[in-house]
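Q: Protein chains in written order, with this note's numbering: chain R, 1 to 403; chain F, 1001 to 1268.
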Ligand SMILES: Cc1cc2nc3c(=O)[nH]c(=O)nc-3n(C[C@H](O)[C@H](O)[C@H](O)COP(=O)(O)OP(=O)(O)OC[C@H]3O[C@@H](n4cnc5c(N)ncnc54)[C@H](O)[C@@H]3O)c2cc1C
Ligand SMILES: Nc1ncnc2c1ncn2[C@@H]1O[C@H](COP(=O)(O)O)[C@@H](O)[C@H]1O
């Protein structure tokens, strides 16, 4: 229930203006806020009230109530690339996993898509498995903002009552998901590496803890929806089915500029923007074993021959030899290329958690006991400065004979 | 003007291991440290205190944790915080993100209601969840900016440089607000002897759940929507062939063959 503290309410009407559902009004007679029947308990007004006059008493959901929550939702994050708006890859990966979960539950899979010029994204979402897309369009959603997006997505959740909501653990996903969890008093499990449904229809969320040294299975038995975030590249991207159709539902959003308290003053695209290690098919990753910054040249040479992207262990990023977006691992990025070369990388657990799902891992290291060999599909005990130049020579010879 | 810094004590993550037999954590001999990102946040607060001359800034460190968390707060005092509070109570045990942020929200709003800015770490290195700050901001009803690397105060507003997937953003918001800090230009410092001595005179108060009028239903395990059902050692992958590379020509040839056999390179 949304409660109004009559003594604290000043009748300022801020709640009336921010409510996405027009479910709270200031009574013209009493000059106090009044909650209407269509209130979804989304919490937007509680947040906006400056006088602490509004509050929601949230209780754990009872078993019968749990049954009211149905369907798996995915937040449809998009990005702008050269002025084109495209869906982020992680959304497709989540749709693949979401499809599995929805099928196990016998429920449907939906995407909550918020933004401004985003109609063109829906078809592809259906192809990747969505049964339904909730389209929330508004001028004020042209750019991501915590307040704008949290308000709209909480509103959809509060109104549609899904059983599961999944977010990509991107910078904005990590900004948004806990804000919504805080608003709706829900559990949220970050950076899940496994998601499954158990016999009692609970979502079992598995994630590494303590730097990947242990795994923990987490669930939220008494609250709905159950929410998780998943890093890009953790789940495989499914094959699209271009024949698949779905239902498009426009979800009316009401937002006013007072909802959005942060302003973007400037956007700076960094020069390393072209280097997206999370999207590469082949990664040549270097570690402290390269010894000197100049030796990166050899790594780049090899990458060029293989049409690969260069990445590194944290050791190199800490030394400032490569920028942070190129770091693989727990405090960097999770990558899953077809081919991963670990050159002069020891294989610390924090590095491994970021790359073990690569299809094939090749390691070259001087130390036969380096832990990287325990997970490498093909390992060479030897000196990178002796082996890589030979390897580059062979690659070049092949290219010539190809001509 | 008042800046509250939320800090967490964490075990040195890379030293924790699992007993493969029992599946339990081996914590013996694992030291506890102030979470590095919290240290960057504190550093930013102290930097603002020193550089923003229009108003006096008071820096208050707050942490929720077991009694031994005092050492992390002492470090904050040594590094320049003016006072510290430890929210510590058996009733807080088993708190998940929601319950932790409830306790922090009550702590901040009861102990320092006139705060202007809250700085936190972007994430704690034990769980890497990066969720407590946003949930705390939401519960306090204030705006948040995550992944900040530099904060500028301009009277009643702040400007924050934020890391994004593509580069950076400059965002502005009004105070009070919460900012989570990434590394930026801040470094982990070693306090001077004088700072250490001075810190001993600064207040460090321990606050209980009762002091914050929080009962068991609002904090700790009972108030936590998420529960851990099982903890286990990560599955071990079995590595493939490891060859001797003492003859680099042969090794390079074998690597090439492996890539061709597995269709990563075309046969020529
Ligand atoms: C909270 C936390 C988070 C972390 N997050 C990350 C992360 O995201 N990513 C990450 O990578 N690390 C991370 N780390 C650090 C991690 O623990 C390791 O310190 C780091 O991965 C080591 O990098 P490295 O393998 O390049 O260097 P080292 O461990 O120093 O290994 C260098 C290797 O190179 C080999 N070598 C030397 N010379 C040669 C040669 N000529 N030819 C062949 N081999 C050679 C050596 O035998 C050695 O095995 C984190 C640590 C902590 C505590
Ligand atoms: N128990 C706690 N006490 C105080 N601050 C905390 C606590 N837990 C998390 N925080 C703050 O939230 C940040 C992110 O933590 P986490 O969400 O656990 O990754 C930390 O860097 C701290 O600033």
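Glycine included, each C-beta is placed from N, C-alpha and C at the ideal position. Here the structure is a predicted model, which means the values were calculated and not measured.
1) Distance check for residue 209 of chain R and residue 1231 of chain F, CA to CA, integer angstroms please.
2) Going by DSSP, what residue range makes up the beta strand (DSSP E) through residue 1241 of chain F?
3) Closer than 7 angstroms by beta-carbon distance: list the chain R residues that pair up with residue 1127 of chain F, in chain order.
4) Cβ atoms of residue 301 of chain R and residue 134 of chain R: under 8 angstroms apart, would you say?
5) As an exercise, report each continuous beta strand (DSSP E) stretch of at least 3 residues that is fully enclosed by the segment 1180-1225 of chain F, in chain order.
6) Mapping the DSSP letters down to three states, classify residue 360 of chain R as helix, strand or coil.
7) Taking 7 angstroms as the cut-off, is the C-beta of residue 365 of chain R nearer than that to any heavy atom in ligand 1?
8) Residues of chain R with CB closer than 8 angstroms to the CB of residue 1245 of chain F, please, in chain order.
9) Count the other CB atoms, across all protein chains shown, that sit within 10 Å of the CB of residue 292 of chain R; report buried if there are 16 or more and exposed otherwise.
10) Among R/196, R/313, R/150 and R/37, whose alpha-carbon lies nearest the alpha-carbon of residue 22 of chain R?
11) Using a 10 Å radius around the Cβ and a threshold of 16 neighbouring Cβ atoms, would you call residue 82 of chain R buried or exposed?
12) Within 8 angstroms (strictly less), CB to CB, does residue 295 of chain R reach chain C?
13) If contacts are defined as beta-carbon pairs under 8 angstroms, then residue 1051 of chain F and residue 1009 of chain F qualify, I think. What distance do you get, rounded to the angstrom?
14) Chain R beta carbons: is any one of them nearer than 8 angstroms to that of residue 1094 of chain F?
15) According to the neighbour-count rule (16 or more other Cβ atoms, all chains shown, within 10 Å of its Cβ), is residue 1181 of chain F buried or exposed?
16) List the residues of chain F that residue 376 of chain R touches, going by C-beta distances under 8 angstroms, in chain order.
17) Hey, out of R/158, R/185, R/191 and R/80, whose CA is closest to residue 329 of chain R's CA?
18) Pick helix, strand or coil for residue 75 of chain R, following the three-state DSSP scheme.
19) Compute every distance between the C-beta of residue 284 of chain R and the non-hydrogen atoms of ligand 2, then say whether any falls below 7 angstroms.
20) I need the boundaries of the beta strand (DSSP E) containing residue 208 of chain R, first residue and last residue.
21) Do residue 409 of chain R and residue 314 of chain R have their C-beta atoms closer together than 8 angstroms?
22) Any beta carbon from chain R within less than 8 angstroms of residue 1120 of chain F's own beta carbon?
23) Among residues of its own chain, excluding the 5 on either side of residue 969 of chain F, which ones have a beta-carbon nearer than 6 angstroms to its beta-carbon?
24) Which residues end up in the neighbourhood of ligand 2 when you take C-beta atoms closer than 7 angstroms to any of its heavy atoms?
25) Do residue 177 of chain R and residue 229 of chain R count as a contact pair if the criterion is CB distance below 8 angstroms?
26) Going by DSSP, what residue range makes up the beta strand (DSSP E) through residue 1290 of chain F?
27) Comparing the CB of residue 351 of chain R with every heavy atom of ligand 1, is any distance shorter than 7 angstroms?
28) Using the Cβ count rule (16 or more neighbours within 10 Å means buried), how would you classify residue 117 of chain R?
29) Of all the residues that make up the segment 22-55 of chain R, which are near chain F by a beta-carbon distance shorter than 7 angstroms?
30) Would you check whether ligand 1 has a heavy atom nearer than 7 angstroms to the C-beta of residue 326 of chain R?
31) Could you tell me which residues DSSP puts in a beta bridge with residue 216 of chain R?
32) Suppose the cutoff is 6 angstroms on Cβ atoms and the five residues either side in sequence are ignored; what does the same chain contact list for residue 1118 of chain F look like?
33) Does the count of Cβ pairs from the segment 277-294 of chain R and the segment 306-313 of chain R closer than 8 angstroms reach three?
34) Go to residue 355 of chain R, then tell me how far its alpha helix (DSSP H) extends in each direction, as first and last residue.
35) Just grab the DSSP bridge partners of residue 286 of chain R for me.
36) For a contact meaning CB atoms closer than 9 angstroms, what does residue 187 of chain R contact in chain F?
A: So, from the listed chains and residues:
1) Taking the first residue of the second chain as 1, we reach residue 1231 of chain F at position 231. Taking the first residue of the first chain as 1, we reach residue 209 of chain R at position 209. Going by the C-alpha atoms only, they are around 9 angstroms apart.
2) The residue labelled residue 1241 of chain F in the question sits at position 241 within the second chain. It spans 1241-1244 - the beta strand (DSSP E) in which residue 1241 of chain F sits, taken as one unbroken run.
3) Walking along the second chain from the start, residue 1127 of chain F turns up at place 127. Those are 209, listed as they occur along chain R.
4) Looking up residue 134 of chain R in the first chain gives position 134. Looking up residue 301 of chain R in the first chain gives position 301. It is not a contact, given that the beta carbons lie outside the stated cut-off.
5) 1204-1207
6) For the purposes of this step, residue 360 of chain R is taken as the residue at position 360 of the first chain. Strand at residue 360 of chain R.
7) Residue 365 of chain R sits at position 365 when you count from the first residue of the first chain. Checking the Cβ of residue 365 of chain R against ligand 1 gives yes.
8) Here the question's residue 1245 of chain F lines up with position 245 in the second chain. Correct list: 364, 380, 381, 382, 383, 386 and 387.
9) By one-based count along the first chain, residue 292 of chain R stands at place 292. Exposed.
10) On the first chain, position 22 is the one that residue 22 of chain R refers to. Out of R/196, R/313, R/150 and R/37, R/37 has the C-alpha closest to the C-alpha of residue 22 of chain R.
11) Reading the first chain from its first residue, position 82 is the one you call residue 82 of chain R. Burial call: exposed.
12) Protein chains in the displayed structure are R and F, and chain C is not among them.
13) Along the second chain, read from residue 1 onward, the residue named residue 1051 of chain F stands at position 51. Along the second chain, read from residue 1 onward, the residue named residue 1009 of chain F stands at position 9. The Cβ separation is near 28 angstroms, so there is no contact.
14) Counting from 1 along the second chain, the entry for residue 1094 of chain F is found at position 94. False, the Cβ-Cβ gap to chain R never drops below 8 angstroms.
15) One-based indexing of the second chain puts residue 1181 of chain F at position 181. Buried, by the Cβ-count rule.
16) As a working mapping, residue 376 of chain R is identified with position 376 in the first chain. What residue 376 of chain R touches in chain F: 1239, 1240 and 1242.
17) What you label residue 329 of chain R is simply residue 329 of the first chain in a count that begins at 1. Checking every option, the nearest Cα to that of residue 329 of chain R belongs to R/191.
18) As a working mapping, residue 75 of chain R is identified with position 75 in the first chain. Reduced to three states, the DSSP call for residue 75 of chain R is strand.
19) In the first chain, residue 284 of chain R corresponds to position 284, counting from 1. For ligand 2, not one heavy atom lies less than 7 angstroms from the Cβ of residue 284 of chain R.
20) In the first chain, counting from the first residue as 1, residue 208 of chain R sits at position 208. Segment 203-209, the beta strand (DSSP E) holding residue 208 of chain R.
21) One cannot answer for residue 409 of chain R here, as it falls past the ends of chain R, which runs 1 to 403.
22) If you number the second chain from 1, residue 1120 of chain F lands on position 120. For residue 1120 of chain F, the answer is no, since every Cβ of chain R falls outside 8 angstroms of its Cβ.
23) Within the shown structure, residues of chain F are numbered from 1001 to 1268, placing residue 969 of chain F beyond reach of any answer.
24) F/1006, F/1007, F/1008, F/1035, F/1037, F/1038, F/1041, F/1062, F/1063, F/1064, F/1065, F/1097, F/1100, F/1104, F/1120, F/1121, F/1122, F/1123, F/1124, F/1127, F/1128, F/1129, F/1130, F/1131, F/1132, F/1133 and F/1180
25) Start at 1 with the first residue of the first chain, and residue 229 of chain R comes out as number 229. Start at 1 with the first residue of the first chain, and residue 177 of chain R comes out as number 177. Closer than 8 angstroms, so yes.
26) Chain F is shown from 1001 up to 1268; residue 1290 of chain F falls before or after that span and cannot be answered.
27) Working through the first chain from its first residue, we reach residue 351 of chain R at position 351. Checking every heavy atom of ligand 1 against the Cβ of residue 351 of chain R, one is found closer than 7 angstroms.
28) Within the first chain, residue 117 of chain R is the residue found at index 117, counting from 1. By the 10 Å Cβ count, residue 117 of chain R comes out exposed.
29) 47
30) Stepping through the first chain from its first residue, residue 326 of chain R is reached at position 326. The answer is no for residue 326 of chain R.
31) As a working mapping, residue 216 of chain R is identified with position 216 in the first chain. Its beta-bridge partners are R/207 and F/1231.
32) Taking the second chain and counting its residues from 1, the one referred to as residue 1118 of chain F is at position 118. Excluding sequence neighbours, residue 1118 of chain F sits near 1004 and 1178.
33) yes
34) Within the first chain, the letter at position 355 stands for residue 355 of chain R. Neither: residue 355 of chain R is in no alpha helix (DSSP H) and is coded neither H nor E.
35) Taking the first chain and counting its residues from 1, one reaches residue 286 of chain R at position 286. R/312 and R/343, per the DSSP bridge assignment.
36) Indexing the first chain from 1 puts residue 187 of chain R at position 187. Within chain F, the residues near residue 187 of chain R are 1096, 1097, 1098, 1224, 1225, 1226 and 1227.
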